[in-house]
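For reference, the structure is listed below as structure tokens.
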Amino acid sequence: MLNFSIDARRGSFHLHVECTFASEWTVIFGPSGAGKSTLLRLLAGLDHPTKGRIALDGRALTETSTRLCVPPGHRLTSLVSQQPALFPHLTAAANVAYGLGSLGRVARGRRTDEMLEFVGASDLAARRPQDLSGGQAQRVALARALAPAPRLLLLDEPFSALDGVASDALLARLQNWLRENKVQTVMATHDATDALATSAEVLLLRDGTQAALGPGAEVLASERDRLIGRLQPPLN
Amino acid sequence: MDWQAFALSLRLAAVTTAILLAISVPLAALIVLGRGRWLAALEALATLPMVLPPTVLGFFLLVLLGPRTAFGRGIAALLGHPLAFSFDGLVVGSVIYSLPFAVQPLVAGFSSVDSALVDAARLLGAGPVRLVSSILVPLARRSLVAAIVLSFLHTVGEFGVVLMLGGDIPGATRTLSIVLYDQVESFDYSAADRTALLLLGLSVVALALVYSKTRKPGVGRA
Numbered sequence: 207m208l209n210f211s212i213d214a215r216r217g218s219f220h221l222h223v224e225c226t227f228a229s230e231w232t233v234i235f236g237p238s239g240a241g242k243s244t245l246l247r248l249l250a251g252l253d254h255p256t257k258g259r260i261a262l263d264g265r266a267l268t269e270t271s272t273r274l275c276v277p278p279g280h281r282l283t284s285l286v287s288q289q290p291a292l293f294p295h296l297t298a299a300a301n302v303a304y305g306l307g308s309l310g311r312v313a314r315g316r317r318t319d320e321m322l323e324f325v326g327a328s329d330l331a332a333r334r335p336q337d338l339s340g341g342q343a344q345r346v347a348l349a350r351a352l353a354p355a356p357r358l359l360l361l362d363e364p365f366s367a368l369d370g371v372a373s374d375a376l377l378a379r380l381q382n383w384l385r386e387n388k389v390q391t392v393m394a395t396h397d398a399t400d401a402l403a404t405s406a407e408v409l410l411l412r413d414g415t416q417a418a419l420g421p422g423a424e425v426l427a428s429e430r431d432r433l434i435g436r437l438q439p440p441l442n
Numbered sequence: 187m188d189w190q191a192f193a194l195s196l197r198l199a200a201v202t203t204a205i206l207l208a209i210s211v212p213l214a215a216l217i218v219l220g221r222g223r224w225l226a227a228l229e230a231l232a233t234l235p236m237v238l239p240p241t242v243l244g245f246f247l248l249v250l251l252g253p254r255t256a257f258g259r260g261i262a263a264l265l266g267h268p269l270a271f272s273f274d275g276l277v278v279g280s281v282i283y284s285l286p287f288a289v290q291p292l293v294a295g296f297s298s299v300d301s302a303l304v305d306a307a308r309l310l311g312a313g314p315v316r317l318v319s320s321i322l323v324p325l326a327r328r329s330l331v332a333a334i335v336l337s338f339l340h341t342v343g344e345f346g347v348v349l350m351l352g353g354d355i356p357g358a359t360r361t362l363s364i365v366l367y368d369q370v371e372s373f374d375y376s377a378a379d380r381t382a383l384l385l386l387g388l389s390v391v392a393l394a395l396v397y398s399k400t401r402k403p404g405v406g407r408a
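Here is the structure:
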């Protein structure tokens, strides 16, 4: 369970969110500039809130009142962004193995192979990021994020470079894997179809504040009606 | 040709460059990755020797390391000899004088590394040492080569600090720049020509080496 109360200021932008994510899969939905990526960076520990507290399964990760901020690599949290950010001087396999420093060489190799196979990128192991397409790079970035076995996975529009069919297939496989491995997931998106496809709990974010939190079917009812309306042919 | 001075210049430059590398990589990483206003002051301090006249810097160091200050007396007691007018003193002076030439290229190189890569490495558990050694240094290797060569050449050609702090002691503090100065002062222009050519040749070869290593393949100029 992830609960947080965050106050953060970035120039004129003010993010203020206070909620608990209890379900395995939560979607943060909102237009560009609503504060989705800022919120994910704060949850990941890459940025610090002005005031607030973040706790995962009862363990405080950030607590401004006691000046506690667990470093990003020690929060059992992974983040996959729209930009894959693969290390350009390392192969795809070395990228995936980067976060597995605590494992022995053999176990590290086995885990790397396993994760590359999971995302359908086994044949890309020896390639450098500059030789990968956008979709391939996003698959490798996902494998790299999953490899250290995080407890919390943060996804920031991670499949934007994949076509619809590939994205749906990977998303379905990923959801099964995350459920089996008991990984809580928070995905940020501005695409209502992505948000509705996962039948998840949805946090609706507008101008840095929480507009609604609840089942996707309820929170995104108006978005769903809008999408259905677009698919219906106009009446003459 | 004063080969003893030539060897001493190379030795001074090699030792200075090695020390500068050990100081500058973590210092530049701290300036780029750290947070806080004091880092601006730190960067300014590291750049100061670039704008300070070498003779002024040499004079300050001569006073600081000499017997007139408690620091200088303490160092002399510790080493058994004063740092001024010794090879070790030249190394101290050279490290301070060439510091900006090592730090600035590294700060520029580390700053150019995409911050998303730094974030990714931190999320994957990289601490400061691993972050610098496995991400920043490999991705800014051109800047590292530039820092090494600039520090080396700057030390080989340095004159003001060496003269102030080391004087002109053969085998201990007489470098090629001092030899050139002595040759000109005694009107031995043919010997001065050879010494100057040697210093020029060293610089050209080293710079050619830098540009050949740092030039991106396949990038031509119309």
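These protein sequence lines are chains A and B, in that order. Each residue of the first sequence is one higher than the one before, starting from 207 at the first, in our numbering. Each residue of the second sequence is one higher than the one before, starting from 187 at the first, in our numbering. Yeah, the Cβ is synthetic: ideal placement off N, Cα and C, and Gly gets one too. Given the structure is predicted, the values throughout are model-derived calculations rather than measurements.
Q) Is it true that the stretch 346-362 of chain A meets the stretch 301-321 of chain A, where meeting means three or more beta-carbon pairs spaced less than 8 Å apart? A) yes
Q: May I have the straight-line CA-CA distance separating P354 of chain A from G305 of chain A, to the nearest angstrom?
A: 6 Å
Q.
Let's see if you can read the secondary structure: which residues bound the beta strand (DSSP E) around F343 of chain B?
A. At residue 343 of chain B the sequence reads Gly, which differs from the Phe that was named. From DSSP, G343 of chain B is part of no beta strand (DSSP E); its letter is neither H nor E.
Q. Using a beta-carbon distance below 8 Å, is D305 of chain B in contact with chain E?
A. Protein chains in the displayed structure are A and B, and chain E is not among them.
Q: Tell me, to the nearest whole angstrom, how far the beta carbon of A358 of chain B is from that of F273 of chain B; I am working on the premise that it is less than 8 Å.
A: 5 Å
**Q.** Given L292 of chain A as reference, the closest of B:V396, B:T203 and B:A307 once Cα atoms are compared
**A.** B:A307
Q: On the DSSP bridge assignment, give the partners of D362 of chain A in chain order.
A: A:A394
Q.
Any beta carbon from chain A within less than 8 Å of V405 of chain B's own beta carbon?
A. Residue confidence is low: V405 of chain B scores 47 on pLDDT, short of 50, so the model does not pin down where it sits. Its coordinate-derived value is still stated next. For V405 of chain B, the answer is no, since every Cβ of chain A falls outside 8 Å of its Cβ.
Q: With distances taken Cα to Cα, identify the nearest neighbour of H222 of chain A among A:G422, A:D431 and A:T415.
A: A:T415
(Q) Quick check: the stretch 270-287 of chain B against the stretch 243-257 of chain B, are at least 3 beta-carbon pairs closer than 8 Å? (A) yes
**Q.** 3 or more residues per run - each beta strand (DSSP E) lying fully within the stretch 265-307 of chain A
**A.** 265-269 and 283-286
Q. Residues in the stretch 247-261 of chain A with C-beta within 9 Å of chain B's C-beta atoms, listed in sequence order?
A. R247, A250, G251 and L252
Q) Is the Cβ-Cβ distance between V211 of chain B and L292 of chain B less than 8 Å? A) yes
(Q) Using a Cβ-Cβ cutoff of less than 6 Å, which residues in the same chain neighbour S287 of chain A once the five nearest sequence positions on both sides are dropped? (A) D362
Q: Give the secondary structure of V356 of chain B by DSSP, where H, G and I count as helix, E and B as strand, and everything else as coil.
A: A quick correction: the sequence has Pro, not Val, at residue 356 of chain B. Three-state result, P356 of chain B: coil.
Q) What are the boundary residues of the beta strand (DSSP E) that V278 of chain B is part of? A) Per DSSP, V278 of chain B belongs to no beta strand (DSSP E); it is in the alpha helix (DSSP H), F273 to S297.
Q.
Just to check my reading of the structure: V342 of chain B and L386 of chain B have Cβ atoms closer than 8 Å, yes? What is that Cβ distance to the nearest angstrom?
A. Actually they are not in contact, since the Cβ atoms of V342 of chain B and L386 of chain B sit about 11 Å apart, beyond 8 Å.
Q: Please name the residues in the stretch 277-291 of chain A whose beta-carbon is closer than 8 Å to at least one beta-carbon of chain B, in chain order.
A: P277, P278, G279, H280, T283, S284, L285, S287, Q289 and A291
(Q) DSSP has H222 of chain A in a bridge; who is on the other side? (A) A:D213 and A:T415
Q | Buried versus exposed call for L310 of chain B [16 or more other C-beta atoms within 10 Å across all chains shown] | A | buried
Q: Determine the DSSP secondary structure at V389 of chain A, reduced to helix, strand or coil.
A: coil
Q) If you measure from the beta carbon of H295 of chain A to each beta carbon in chain B, is any gap under 8 Å? A) yes
Q. Does any C-beta atom of chain A lie closer than 8 Å to the C-beta of V218 of chain B?
A. no
Q. Helix, strand or coil: how does DSSP classify G420 of chain A here?
A. strand
Q. Using the beta-carbon count (16 or more within 10 Å), is W189 of chain B buried or exposed?
A. exposed
**Q.** Partner residues on chain A for D300 of chain B, Cβ-Cβ distance less than 8 Å
**A.** A291
Q.
Below 8 Å, how does it come out for the stretch 230-242 of chain A and the stretch 386-399 of chain A: are there three or more Cβ pairs, yes or no?
A. yes
Q: Determine the chain B residues that contact G307 of chain A at a beta-carbon separation under 7 Å, and present them in chain order.
A: G311
Q: May I have the straight-line CA-CA distance separating E386 of chain A from A226 of chain B, to the nearest angstrom?
A: 49 Å
Q: Compare the beta carbon distance of A326 of chain B and S298 of chain B with 8 Å and say whether it is the shorter of the two.
A: yes
Q: Please classify I434 of chain A: is it buried, with 16 or more other beta-carbons within 10 angstroms of its beta-carbon, or exposed?
A: exposed
Q. With A417 of chain A and L411 of chain A assumed to form a contact (beta carbons below 8 Å), what rounded beta-carbon distance in angstroms separates them?
A. 7 Å
Q) Measuring CA to CA, which of B:A191, B:V318, B:F257 and B:L248 is closest to A214 of chain B? A) B:V318
Q) Could you check where the beta strand (DSSP E) with I260 of chain A kicks off and where it finishes? A) K257 to L262
Q.
With three or more beta-carbon pairs closer than 8 Å as the criterion, would you say the stretch 315-333 of chain A touches the stretch 273-284 of chain A?
A. no
Q) Do L262 of chain A and L352 of chain A come within 8 Å of each other at the CB atom, strictly closer than that value? A) no
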